[in-house]
Each structure stands twice: as structure tokens, then as C-alpha cells.
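Only one structure is covered here, and it is reproduced in the block below.
Residue numbers (the working numbering): 32 to 889.
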């Protein structure tokens, strides 16, 4: 690089190449005086291997190109910013910034030693080609009309792409001024020194595969010769030829060129050739006109730019975006809404190259910032990588982190905070994004706080752990306890719940649980349920032992069950969480005992040794559980109970069970029986009232429906059935299955109690009937005996028997008033008789009240 260039510019590494035979090396540079970005086109004179005369001719052609570029001022023509700089070994000139040549974008990297990564990965999309062809057509329209030039070198390597991906026409070294433009006559030019001339090197001749047929066959040239070149260029752009292959592909052989032209003339009327080369259908008619052998029949550049091919909605959006600055505020807003709607249809490369530069520049307008910011985040999320975002978008967003009005700006930033964190470097997060988060979380704007809390779980794992532990979580807990808005409190608890997996033990025990204790006085159902749900998650946390659950969580959540503001469904939810915690504690404690060899076989001990597990069999072992049978416990001797033979247990020895032997039970002393089982004296109505049916579907044990002093028979059977059901169902899936079994046992034993009661009534009735029958037989025997001794006692018949009859009649009549049968007269001696039966006055029939009642009815 020459001293003069280095003196005025800071030149970077080569990024592209182009020009005839890729003679130009292109370097990005910055002008030191103005910090303006430019490009340096450099030709190394020693790179061309030919005679000195030919080399001088080639350099003269380069001077001619720069001279023409300096004269031509058009948006679609490459802009030269200074006179050429020439030294002994180099020739250079300065232009507007250039990204690459069109040939580089198509994969031709000739004279480019180190190809940039983004250039290797670049792919031209159809919309960019459409926009670029329109720009080339406009450039040809300009040079054909004003300076009246014929280009004659419209090659991919002579078209340059700017960073904003505008296509710029260059390569004017073979351009010819058409002095007969006004007469529209073909301009005849001596081309023997240009083509074909085997003596000249290829750098001194136009590319054969792009020259129009009239130049080769007739040695004539016209403006329309450029349109044939444009047609060849279009075929190459859509066909994706590789390794320098062109549409005509003559390889520098004139005969092959002529043969190929004749083939094209035959195929051009048909559409098969366009389909094979993947040409858009809207371009077919244009290409048929461009490739005609007669130049007068070819389409003009202006007509080409106005053809139906360019009547496209997406292309029009890009064109309108180019003129965005010229629009009014309302027009800009309407355009941005339309652009947002069509964004998904625009190719990614076009978005990166055409849209982003304009949008990032216009975002500085605060009134438009909410609209543009939304578009930029959508583009970032779907199109951009970290490197592209940091280079193109993030510098434009940084000033918006400190903006509060309009409020949509911080809201949009919060909505997309996770996108920002995934597309930025750690230093940028520390310097810009985290201060923005701290500012919002400490603000008094509840809407912004709630939105940030909602989004926090999405980016919490992307923040440094110490920052999350020491700054984010303490502030969220403070918001939950001190904020007056219920919605913000609930959102804080939800945020903590969704980020709980990131917590360590200290964060839970020292920060979170104390905050929940402060919130436990809240009576709002939403907050109560949020606390319960959060405690449920804490109990399942990998870093929380069961001791924390027992000592801190259960005392925290249990008072919530008696809050009057919750309904039954909410109460049921909290109870399930509470029982789940109790089960966790129970399982872990059993494991602790098992590990310490205090229990060898947990399942066997649970059933065979009920003394060690009074909860599963509380009725069978009343000594270990005095609460369930307090009366019986008081009457028994404690010392005696401790050594009592287990055979005397009524459940283990059913013969002694009064329910199983009701007849034997009747003959026992009722006073003694009452002392043995005073609970049995409770009226049946009391049992019916307390033994309500429990719905197992509730999956809950309702202590209000259970008799805390059940009858002995019911208690024993319940205990027996529960133990039986537990032994059959050792692997209970539901944590509340024990309560369900207990409820089922109560129902079953209630039915058994009714059956036993009916059985007792039947047995009592049978015994009464038997007793009456026996007494009747005794009475009949007495009358028979009286009759047999009638003759022997005739002397005594005169004895008045009426007092005895009256005594019997009076007794019966007093009790029943239904006895009408007159008793037979019985003679009685006035003298004392040694026979006890004959002593009627002192004889008591011994009839029970029931028998007398029975006889009176008979």
C-alpha cells in the first residue's frame, strides 16, 4: 500500500476482489481526517504477466474506468471519492464502502487470499436479485440517456455490492460513447483490437461469453448490446453456475460461441430452457426479448424496470423502506405495521442487509421506537446470531435502557429480556442489561414490576448465580412481603416457585421461609394457596431435609387450614399438601430407624407387633392408646394391664367376646358386665349420630364423623378389619389409603353391629318363649296333681277358696285388666298342712311378669 494512502487512511485487511479478471483488491478503510468509512481499490502492476506495452495498455484502461466513474453520478453507479493514486508498483483509487463484488457473492474468490467467513456463508436470495436487477436496469437507463455510453462490460465481477446491499455498476474500461444516439443508428466500431485478438492478454479484452452476437458476427455495436449482456447475467444469477461457468460457456473459443448462440436462438421461443435454469415465470418474456439476435427487437432498460416482474409486494416494501426518511410520521407508522405483517415473508438475507440498517437508524425517533423495537426483537429472535446482533442492533438499543416514556419502551424491553440475555456478551449484560433490571425491580411501577416478575423464570438461569442469590431473590421476597398489590404478591410467589430449582439450602432457609412466615397472616385465598403451593415445592426440593419440613414448613402451613376465607376445595388442597409433608417426614424417619438397626423388618413389625405401632391399631391395644378408651382405662389396674395375658384380649380370644356369644352374655351379672364394658351402655342413637357414613371418594379422614368413644364391639372389629386390610394392601399408592380403609371398616362393622343386635333380639325372644312354655307345663302339672288328690281332700272342700281366687284375680286384674276367666275353686284346710302345695294361702305361683302377661293374653 502506498505511503500516500497509509498517510490519509487507516486501511484494514482485504475483504473482496473484482474488476476485469479480478484485478482489483478491495480493502475497507477509514479516513483519518473525517472518520468516514471508505474502500480502497488497489491494482498491483506486477500481477499481470504480459509485455510492457500490453501492461501499459491495461493500466490505461483502468485509468479510463476511473475517469468515467468520476464523471458519472448516479445512485446505482459506484461512487469514486478521489482522484486515482498511482505509484511505480500500484494503482489505486478510493470509493464508497464496498462489501464485495457480485462474483464474490456467487462464490468466485479469485485474487482474494483470505475469504471472510460471512462472505463464504452468504447466499443471494430471490428478493435481493430482484432488487439488484432493478438497480442495474436503472443504471443502464441512466448511462444510455445522459452520457450516451455503451457499457460493454456488464459482468458479475464489475458489479459491486455495498454494505447496505445496493448493487453498483462499474467496469467502464471498455465503454464507448455513442455519438449517433440521436439518429438511433447502430454505431459501428473497429473491434479488431478488442475481440477476438489472440495477441492481446485476456485482461485487455471483454469477456466473450457476454458479448452480443452482432458484435461477433457483424462487428456492429449499439445500446441494446448491453441488454444481451444483462440477459446472460440473469441466466447466471438464477442458475447458480459454479467454477466460473457462464451461460454461453464458450471457454474463449469463438467457434464454440457461435455454435452456442445458434442453439439459444432455437430454444429461446420455448419455455423449457427457462424452466431448466429456474428462471421466474415473470422474467420469461423479458429474457426472450433480451436474447434475440436482432438488437432492434430487444427490450429497453426503462421498459425492463417497469415490467410485471418488478410489480411485487415484497419488493415494494423494500423500496418504500428505502424512502422511509421522506415519509411523514403517520405514513411511517402505517408502513411499520405493514412491514411487521410481511416480515415473515421477507428472506433472511434481505432482512439483514436491507432492513436492519434503516430500522436501527430510525429507532432514535422516540415516537417510532416502540414500533421499531418490536420489529427488531422479532428479527433478532428468528434471524440474527449473537455476533450479528451485537454488531448491528445492540448499539442502537443501548440508549433505550434509560428511557421511561413512552412506557411501552421499558415494557417491550422487559418482554424481550430473555432475547437480550441470549444475544449479548457477559460484559454487555453486566454494563447495560442488569442495571436496567435493577432499576425496574426497585421502581414503584407495579405494572413493570409484575411484568418483570413474570419474565424472571425465563432468564433466571442465564444470570450469574451470585447475582441471582444476593440481588434478585432478596428483592423479590421484599416485594412479596411489603408490596400492597395482591397481584404483585402472588406474581412474586409464582416467580419464586418457578425459579426454586436454582435455590440452594441457605436461600430457602434464611431468605425464603422467613419471608413466607411474614406472609402467613394474609387472609386472601390467592396468597394462601400460593404459600401452600410454594411450601409443597420446597418440601420436594433436593436440598431440603425432612427435618426442615417438620420444624418449619408444617408449622407454617397448618394454620392456613383454619383460615375462614378459603372454601372447601381450597381447604382440601392445603390438607393434601400437609398430609404429603407428613408422609415425607414419616418415610424418612422410618428410613432413619431402619438404618440404625432399630427395626429389622418394617412390614412384619407393623402388623405382628401392634404395640410398636399404636397408630395403625389404636383400638386393639388400649393400654398403649388410652385416649380412645378412657373409661376402660380408668377402671383397670395399670400394673395388671402391663402383665395381662394377651389371650384375654377379646379380639384374640373371640369366645370371651360377648358379641360372639350373646346367650352366655345374658346370664352374666349385669352389674359386673357393666363394669367391664361401660361404653356398651351408650344409647344406640348416640352411635347412629356419630357413625355417619363417610364418602371414600373424598380421600380425606373427616374426624368430625368418627366417634371418639365407640362401642367396644365396633372398636374391636374396626381394629381387626383395619389390620386385615393393611396386611392385604402393604403397597398403598395413595398417601391417604389408611384413612380410606378405616372408613370402610367403620361401615362394615356398623352393619355387623346391626346384625348382632338383631341376633340378640331373636335369641332373647326364643329364650322367653322357652321360659313361658316351661312355666305352662309346670302349671298343668300342678292342676293335674290337684285333680288326682281331689277325692282325698273332699273333707277340706268346704274351706273357702275365694280369698285365694280373689288374691290371684286381684293381681292379674291390677296389671292387665284383661283377665276374665274365673279360676277353679280350691279347697283349703283351715288347719295347717305339712304339704307345701296344700298350703295355698302361703303358696306363690312364682310366675314372672312376662308369663302372667302371656297367660292373660291366652
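The C-beta atom is built at its ideal place from N, Cα and C for all residues, glycine as well.
- Comparing C-alpha distances from residue 193 to each of 300, 142, 115, 46 shows the shortest one belongs to 46.
- Between residue 236 and the set 61, 66, 85, the nearest pair of CA atoms involves 85.
- The DSSP-derived three-state label of residue 344 is helix.
- Residue 425 counts as buried, since at least 16 other C-beta atoms from the protein chains shown sit within 10 angstroms of its C-beta.
- Under the DSSP assignment, residue 400 falls outside any beta strand (DSSP E), being part of the alpha helix (DSSP H) whose first and last residues are 400-413.
- The residue among 564, 565, 557, 583 with its C-alpha nearest the C-alpha of residue 597 is 557.
- Here residue 585 is actually not in contact with residue 608; their C-beta atoms are around 10 Å apart, not less than 8 Å.
- For residue 477, there is no enclosing beta strand (DSSP E); the residue is part of the alpha helix (DSSP H) that begins and ends at 477-490.
- Taking 8 Å as the cut-off, the beta carbon of residue 521 is found closer than this to the beta carbon of residue 561.
- Going by DSSP, residue 505 is part of the alpha helix (DSSP H) stretching over 504-513.
- For the alpha helix (DSSP H) assignment, the uninterrupted runs of no fewer than 4 residues enclosed by the segment 505-578 are, from N- to C-terminal side, 517-529, 544-550, 556-570.
- The three-state secondary structure of residue 323, taken from DSSP, is coil.
- Take residue 402, set aside five residues on each side of it, and the residues of its chain with a beta-carbon closer than 6 Å to its own are 367, in chain order.
- Using a C-beta cut-off of 8 Å, the segment 338-345 makes contact with the segment 362-382, since at least three inter-stretch Cβ pairs fall below that distance.
- Fully enclosed alpha helix (DSSP H) runs of no fewer than 4 residues occupy 425-428, 439-446, 448-453 of the segment 413-471, in order along the chain.
- Residue 427 and residue 70 have their alpha carbons spaced roughly 24 Å apart.
- Annotation for residue 162: the continuous alpha helix (DSSP H) segment containing it runs 157-176.
- The residue from 499, 247, 68 with its alpha-carbon nearest to that of residue 488 is 499.
- Between residue 51 and residue 175, the C-beta gap is not smaller than 8 Å, which leaves the two residues out of contact.
- Counting only residues of its own chain and dropping the five nearest sequence neighbours on each side, residue 160 has a CB closer than 6 Å to the CB of 268.
- Secondary structure at residue 259: helix, using DSSP grouped into helix, strand and coil.
- At a Cβ-Cβ threshold of 8 Å, residue 279 and residue 318 do not count as neighbours.
- Between residue 416 and the set 446, 390, 380, 389, the nearest pair of CA atoms involves 380.
- Contact between the segment 350-368 and the segment 281-292 is not established, with fewer than three Cβ pairs separated by less than 8 Å.
- The C-beta distance from residue 444 to residue 467 rounds to 7 Å, short enough to fall under 8 Å.
- Within the same chain, and ignoring the five residues on either side of residue 330 in sequence, the residues whose Cβ sits closer than 7 Å to its Cβ are 258, 317, 320, 321.
- Residue 336 sits away from residue 195, with the two beta carbons spaced by 8 Å or more.
- Among the bridge pairs identified by DSSP, residue 126 is matched with 70, 111.
- Collapsing the DSSP output to three states places residue 301 in coil.
- According to the DSSP assignment, residue 205 belongs to no alpha helix (DSSP H), since it is labelled neither H nor E.
- Going by DSSP, residue 192 is part of the beta strand (DSSP E) stretching over 190-192.
- The closest CA to that of residue 387, considering only 576, 334, 398, 420, is found on 420.
- In the pairwise beta carbon analysis, the segment 85-97 is classified as not touching the segment 150-167: fewer than three pairs are separated by under 8 Å.
- Our two residues, residue 172 and residue 325, have alpha carbons roughly 20 Å apart in a direct line.
- Residue 203 has its alpha-carbon roughly 7 Å from the corresponding atom of residue 99.
- For residue 616, there is no enclosing beta strand (DSSP E); the enclosing alpha helix (DSSP H) has its first and last residue at 599-626.
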